[in-house]
């Protein structure tokens with residue numbers, strides 16, 4: 001489990017504090033509150049080409065593989081590698 005203060009997704013830098021963990025091919029993000037950008041994607045399969053977690057201006061996780069947003073709740077986002 002690693003903590004982050006910023007999330008970069010497809011070139012868009014967002015201030016979202018939380019932590020993430022990986023399980024097999026699933027990436028789970030837990031944050032204080034899921035921003036509306038992700039809520040809009042709740043029922044769609046959105047390809048994520050670039051995903052980075054940044055803490056104190058250092059990239060602590062970077063994934064350039066295609067990911068699909070599989071599940072969104074009030075404080076959790078699940079991505080699946082495809």
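Residue numbers (my numbering): 1 to 82.
For glycine and all other residues, C-beta sits at the position ideal for the given N, C-alpha and C.
Model, not experiment: these values are computed from the prediction.
Buried or exposed by the 16-neighbour rule on C-beta atoms within 10 Å, applied to residue 82: Your numbering for residue 82 matches position 82 in the chain shown. Counting Cβ neighbours within 10 Å, residue 82 comes out exposed, since fewer than 16 surround it.
Buried or exposed (CB count within 10 angstroms, at least 16 for buried), residue 67: Working through the chain shown from its first residue, we reach residue 67 at position 67. By the C-beta density criterion, residue 67 is buried, having at least 16 other C-beta atoms within 10 angstroms.
Since I believe residue 45 is in contact with residue 64 (beta carbons under 8 Å), could you give me their beta-carbon distance rounded to a whole number of angstroms? If you number the chain shown from 1, residue 64 lands on position 64. If you number the chain shown from 1, residue 45 lands on position 45. About 18 Å; that fails the 8 Å criterion.
Is it buried or exposed for residue 69, if we count other Cβ within 10 angstroms and need 16 for buried? By 1-based counting over the chain shown, the position of residue 69 is 69. With 16 or more other Cβ atoms within 10 Å, it is buried.
For residue 12, which option in 76, 79, 37, 56 has the closest C-alpha, if you only look at C-alpha atoms? Taking the first residue of the chain shown as 1, we reach residue 12 at position 12. Taking only the C-alpha atoms, the option nearest residue 12 is 37.
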